[in-house]
Structure formats: C-alpha cells, structure tokens
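Residue numbers (full-length UniProt numbering): 1 to 406. Quick reminder that beta carbons are idealized off the backbone N, C-alpha and C, glycines included.
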Amino acid sequence: MSAQHAQPGTAPQHASAGTAPQHASAGAPPQHRSHRALHVDTLEHFDRLCACVARAHGWHVGEIDLTGRRAELGLLDLRGCLFLGTALPEGYDDVARRRGALVFPALEAMPFDPYRSTPYSPEELYAGLDAGGVYEQTPDARIYHWYRAEAGDPDAQGASLSMAIHDHAMGQSLIELTSAGGFAGVMGGHAAVRGSDEYAEAARLGYLLARAGLTVATGGGPGAMEAANLGAYMSPFGEQDLGEACAALADVPSFRPSVSQWARAGFDARRRAGDLPGGRSLGIPTWFYGHEPPNVFATDIVKYFANAQREAVLLELCDAGIVFLPGAAGTVQEVFQDACENYYAAAGTGPNPMVLVGREYWTRTLPVWPLLTALAAGRDMAEALFLVDTVEEAVEILGRGRAGTA
Numbered sequence: 001m002s003a004q005h006a007q008p009g010t011a012p013q014h015a016s017a018g019t020a021p022q023h024a025s026a027g028a029p030p031q032h033r034s035h036r037a038l039h040v041d042t043l044e045h046f047d048r049l050c051a052c053v054a055r056a057h058g059w060h061v062g063e064i065d066l067t068g069r070r071a072e073l074g075l076l077d078l079r080g081c082l083f084l085g086t087a088l089p090e091g092y093d094d095v096a097r098r099r100g101a102l103v104f105p106a107l108e109a110m111p112f113d114p115y116r117s118t119p120y121s122p123e124e125l126y127a128g129l130d131a132g133g134v135y136e137q138t139p140d141a142r143i144y145h146w147y148r149a150e151a152g153d154p155d156a157q158g159a160s161l162s163m164a165i166h167d168h169a170m171g172q173s174l175i176e177l178t179s180a181g182g183f184a185g186v187m188g189g190h191a192a193v194r195g196s197d198e199y200a201e202a203a204r205l206g207y208l209l210a211r212a213g214l215t216v217a218t219g220g221g222p223g224a225m226e227a228a229n230l231g232a233y234m235s236p237f238g239e240q241d242l243g244e245a246c247a248a249l250a251d252v253p254s255f256r257p258s259v260s261q262w263a264r265a266g267f268d269a270r271r272r273a274g275d276l277p278g279g280r281s282l283g284i285p286t287w288f289y290g291h292e293p294p295n296v297f298a299t300d301i302v303k304y305f306a307n308a309q310r311e312a313v314l315l316e317l318c319d320a321g322i323v324f325l326p327g328a329a330g331t332v333q334e335v336f337q338d339a340c341e342n343y344y345a346a347a348g349t350g351p352n353p354m355v356l357v358g359r360e361y362w363t364r365t366l367p368v369w370p371l372l373t374a375l376a377a378g379r380d381m382a383e384a385l386f387l388v389d390t391v392e393e394a395v396e397i398l399g400r401g402r403a404g405t406a
C-alpha cells in the first residue's frame with residue numbers, strides 16, 4: 001500500500017509508486033547550531049596548542065592542572081576562553097577573568113562530571129554491572145538518585161548550576177557528533193516489550209534505516225527506542241542475526257522488575273553478535289525519567305537532566321526526518337512538537353519528513369493524522385507528512401530524501 005501524503009490545500013492523497021517526495025531540507029543540517037568548541041582535556045593537548053597558536057578563543061579547557069603553566073597562560077589571548085573546573089596558578093582566577101576568560105570552579109560532591117565534553121557509553125553508565133554488581137550501584141542509578149534528592153531541595157543552588165552546566169556540555173558534545181547530518185529519528189512507545197511484534201518491527205526499522213546509510217537517533221530508553229537502537233547496532237550483521245538477538249532478548253521482556261537482568265541481557269546480546277563492532281546510533285535519554293533506564297544498544301548516549309531541553313535537541317538534530325511508531329502521550333507530544341517546528345519553519349528552510357507508521361492506529365486509535373493534515377492544509381508542511389502501514393515504506397521515504405542530497 002502506498003504512503004498517504006498530505007498535499008498542500010487538498011485532502012490527503014495516495015502517492016503513486018515511484019513518485020519521489022519533495023523535501024527541500026531533508027539533508028540540511030539542523031538550524032541554530034552554535035559554533036564548534038575546542039575541548040582541551042589533557043595537559044599534552046594544551047601544550048601542543050600553546051606551541052602553535054596565540055589565541056584561546058573557543059577553547060573549553062577541562063579539569064586539568066595548569067598550576068605550572070603561568071608563563072604559557074601569560075602569552076595567550078584569553079578572550080572567549082572557558083576554564084571548566086581547571087586548576088589554575090594561585091591567584092590566577094581573577095587575572096584570567098580580567099583578561100576576558102570565563103572561569104568556572106571545580107564542583108565537589110557530584111556523582112557526575114558537569115564539565116564532560118563527550119557522550120556517555122553504555123559501559124560507562126552501567127559500570128560494575130558485569131562484575132556482579134546490581135543496577136542500583138551503577139553510575140546511572142547513583143546520578144538518578146542524587147538528582148531526585150537535589151531536584152526537590154529549593155536551596156540546592158549548586159546542584160542546579162551543576163545540572164545546567166552538564167546539560168550545556170552535553171549539547172556541545174553533540175555538535176561534532178552530528179555535524180555531518182543524516183540523522184533519522186525513531187519515536188515510539190516505551191511499553192513495547194521484548195518479544196512482541198511491536199518490538200520486532202521497531203528493531204527492523206532501525207536495521208533498515210542504518211543499512212540505508214542513516215544514523216538512528218532515539219530517546220535512548222526501553223521499548224521501541226531500545227528496539228530501534230538494537231536494529232542499528234545489528235546493521236553490520238545479517239537479518240538472521242537481528243532475529244536471533246530479538247529472540248534471545250525476549251527471555252527478559254522488560255526492565256521491570258529487574259533493571260540489572262534487563263541490561264545484562266542486552267550486553268549478552270551484543271557479545272553474541274560477534275567480533276564486528278556494532279553499528280553506531282544515538283540515544284538521548286533523561287534522568288527526569290530516570291525510572292526508565294538507558295538501553296545498551298545506543299553507542300553514543302547524550303543524557304540530560306532537563307527533559308524539555310533534551311526533547312528539543314532530539315527533534316532538532318533529526319535532519320533526515322522522523323518516523324513515529326505507535327505510542328501513547330509522550331509520542332503524541334513529540335508528533336505535535338515536530339509538527340510545530342514544520343508549521344513555523346523559516347522561509348527557505350523547508351519542512352523535515354514526518355512519517356507515521358500504522359494507518360489504523362493514527363487515524364482511529366489515536367486520531368492524530370486528521371488534525372495534522374488540517375494544520376498542514378495550504379502550507380509547505382503538507383509535503384512532509386506521510387502515513388504508511390509498514391516500516392519498509394517509512395525507510396523508503398527517508399531513504400529517498402537522503403539520496404536526493406548525495
């Protein structure tokens with residue numbers, strides 16, 4: 001069955017097979033990205049830079065010891081430089097500020113690094129689990145419990161600042177990671193359990209998107225999000241390997257009652273896949289929903305404290321379009337948040353593809369499609385709306401848009 005496509009100013013029509021959709025911005029990078037920062041995280045890197053440049057504008061100097069580098073600092077133009085928990089020579093904090101730098105102090109007693117400049121890995125967030133530990137002892141769980149305690153304390157100003165700095169650093173880490181574009185979002189319900197048809201379809205979607213040359217991006221949690229990241233992870237292997245992984249994971253269908261068993265099953269599936277590195281994909285979860293643990297198949301995890309910031313970032317970076325699988329309130333919110341971006345898209349930028357999978361679901365169970373098409377009538381946004389029945393159709397739509405930018 002062909003995709004249902006909302007044409008400007010008309011009722012939705014059935015697109016003829018082989019008719020390529022017109023997507024003016026399907027391959028364009030997200031708008032409003034900030035400039036790329038230069039992260040200086042080792043003393044050796046700092047010394048190499050000082051040997052060849054005299055201006056530190058845009059440097060984000062991490063938690064390294066520069067107490068023995070007073071002379072080198074004196075030769076640098078520090079305007080626009082950020083020192084993030086950096087150990088500076090005695091009395092040099094005020095000197096650096098007067099010379100145009102921003103100096104953020106080291107923040108103590110935090111279970112996370114507010115100034116980190118790279119995404120998390122599953123192994124980092126679940127450190128200790130493979131050694132016989134339990135989830136409650138992992139860094140991810142400890143950060144979540146700290147967040148729950150501090151978020152409810154109106155006097156915890158230091159904690160609020162730490163979280164804000166951390167989330168800013170997470171956003172900075174995405175700039176280099178996503179600079180090449182080609183990110184396809186997959187949104188869907190967290191309730192899709194391993195072993196279900198919904199989970200298998202989401203995994204196949206992630207697999208096919210990755211095989212089409214797109215990088216899968218999800219909310220990084222369980223359910224359809226995990227399945228899409230799993231599919232992308234298994235993309236260097238075969239479809240039979242993906243099926244075997246889904247079957248093995250079905251033995252632990254949910255993260256309830258044990259996150260430890262759920263995560264271990266995921267790591268076991270990765271090990272069974274073989275020696276090839278898994279396909280790369282992105283997960284953007286949040287400690288705001290920390291009761292839903294991050295899945296282990298997203299190779300890069302950019303985890304936020306602020307959920308609103310995380311949602312905006314996730315939708316913005318999906319420049320190749322977003323596939324919406326059946327879901328509940330959270331998925332519906334994401335549909336209309338993305339629709340709002342397309343509705344108010346600046347002239348010349350064009351809308352990004354929105355593909356809703358499940359004709360019956362989106363027209364009758366949760367009738368989102370009629371409202372979307374009513375909003376889109378007479379606007380460029382209509383060219384970006386698709387209603388399909390299969391994940392294969394969704395991949396074809398996003399893949400065609402990607403091919404048109406090559």
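Grab the span of the beta strand (DSSP E) containing L38 for me, first residue to last.
-> The residue you call residue 38 lines up with position 38 of the sequence shown. It spans 38-40 - the beta strand (DSSP E) in which L38 sits, taken as one unbroken run.
C-alpha distance - Q4 paired with W262, whole-angstrom precision | Looking up residue 4 in the sequence shown gives position 4. Looking up residue 262 in the sequence shown gives position 262. Their backbone Cα atoms lie some 38 Å apart in a straight line.
Helix or strand or just coil, what does DSSP make of D300?
-> For the purposes of this step, residue 300 is taken as the residue at position 300 of the sequence shown. The answer is strand: DSSP assigns D300 an E or B state.
Cutoff 7 Å; reference G132; Cβ partners in own chain excluding five residues on either side = Within the sequence shown, numbered from 1, the residue matching residue 132 stands at position 132. Taken in chain order, the list of residues that qualify is empty.
Have a look at E72 and D153 and give me their C-alpha separation to the nearest angstrom.
-> Along the sequence shown, one-based indexing puts residue 72 at 72. Along the sequence shown, one-based indexing puts residue 153 at 153. Their Cα atoms are separated by approximately 42 Å.
Using only alpha-carbon positions, find the residue among L75, F112, R99 that is nearest to G85.
-> Along the sequence shown, one-based indexing puts residue 85 at 85. Ranking the options by Cα distance to G85, first place goes to F112.
Extent of the continuous beta strand (DSSP E) to which I64 belongs = Counting from 1 along the sequence shown, the entry for residue 64 is found at position 64. Run containing I64: none; DSSP gives neither H nor E here.
Count the CB pairs spanning the segment 223-241 and the segment 274-290 that are closer than 8 Å, and state whether there are at least three.
-> yes
Going by CA-CA distance only, name the one from P293, M163, V40 that's closest to A151.
-> Within the sequence shown, residue 151 is the residue found at index 151, counting from 1. The option with the nearest alpha carbon to A151 is M163.
Helix, strand or coil: which one does DSSP assign to L325?
-> Here residue 325 refers to the residue found at position 325 of the sequence shown. Here L325 sits in coil by DSSP.
To the nearest angstrom, report how far apart F305 and E201 are at their CA atoms.
-> Your numbering for residue 305 matches position 305 in the sequence shown. Your numbering for residue 201 matches position 201 in the sequence shown. Taking the straight line from one Cα to the other gives about 30 Å.
According to DSSP, is L387 helix, strand or coil?
-> Taking the first residue of the sequence shown as 1, we reach residue 387 at position 387. Here L387 sits in strand by DSSP.
Should P21 be labelled buried (16 or more other beta-carbon atoms within 10 Å of its own) or exposed?
-> Against the sequence shown, residue 21 aligns to sequence position 21. Residue placement at P21 is poorly supported in this model, since its pLDDT is 34, which falls under 50; the coordinates are not used for a value here.
Taking DSSP as the reference, what is the three-state secondary structure of M234?
-> Within the sequence shown, numbered from 1, the residue matching residue 234 stands at position 234. In the structure shown, M234 sits in coil (DSSP, three-state: anything other than H, G, I, E or B).
Pick helix, strand or coil for M110, following the three-state DSSP scheme.
-> Numbered from 1 along the sequence shown, position 110 holds the residue referred to as residue 110. Coil, per DSSP.
With a cut-off of 8 Å, do at least 3 Cβ pairs link the segment 122-130 to the segment 76-92?
-> no
With distances taken from CA atoms, which of A374, A248, I322 is nearest A265?
-> Translated into positions along the sequence shown, residue 265 becomes position 265. Cα-wise, what sits closest to A265 is A248.
Helix, strand or coil at R55 according to DSSP, with G and I counted as helix | The residue labelled residue 55 in the question sits at position 55 within the sequence shown. Residue state, collapsed to three classes: strand.
Top-ranked residue by Cα proximity to V388, from L398, R359, V368, R400 | Within the sequence shown, residue 388 is the residue found at index 388, counting from 1. Out of L398, R359, V368, R400, R359 has the C-alpha closest to the C-alpha of V388.
If you run the structure through DSSP and keep just helix, strand and coil, what is T215?
-> As a position in the sequence shown, residue 215 is number 215, starting the count at 1. In the structure shown, T215 sits in a strand (DSSP, three-state: E or B).
Distance, G327 Cα to H190 Cα = For the purposes of this step, residue 190 is identified with residue 190 of the sequence shown, where counting begins at 1. For the purposes of this step, residue 327 is identified with residue 327 of the sequence shown, where counting begins at 1. Approximately 8 Å, taken between the alpha carbons.
Reduced DSSP secondary structure (H/G/I, E/B, other) of T365 = In the sequence shown, the residue the question calls residue 365 occupies position 365. Looking at T365 - three-state DSSP - the assignment turns out to be helix.
What is the DSSP secondary structure of Y126, reduced to helix, strand or coil?
-> As a working mapping, residue 126 is identified with position 126 in the sequence shown. Three-state DSSP puts Y126 in coil, outside helix and strand.
From which residue to which residue does the alpha helix (DSSP H) around F267 run?
-> Residue mapping note: residue 267 aligns to position 267 of the sequence shown, counting from 1. Note, F267: alpha helix (DSSP H), 259-273.
If we ignore side chains and look at the alpha-carbon of each, how far apart do M170 and I301 end up?
-> Reading the sequence shown from its first residue, position 170 is the one you call residue 170. Reading the sequence shown from its first residue, position 301 is the one you call residue 301. Whole-angstrom Cα-Cα distance: 10 Å.
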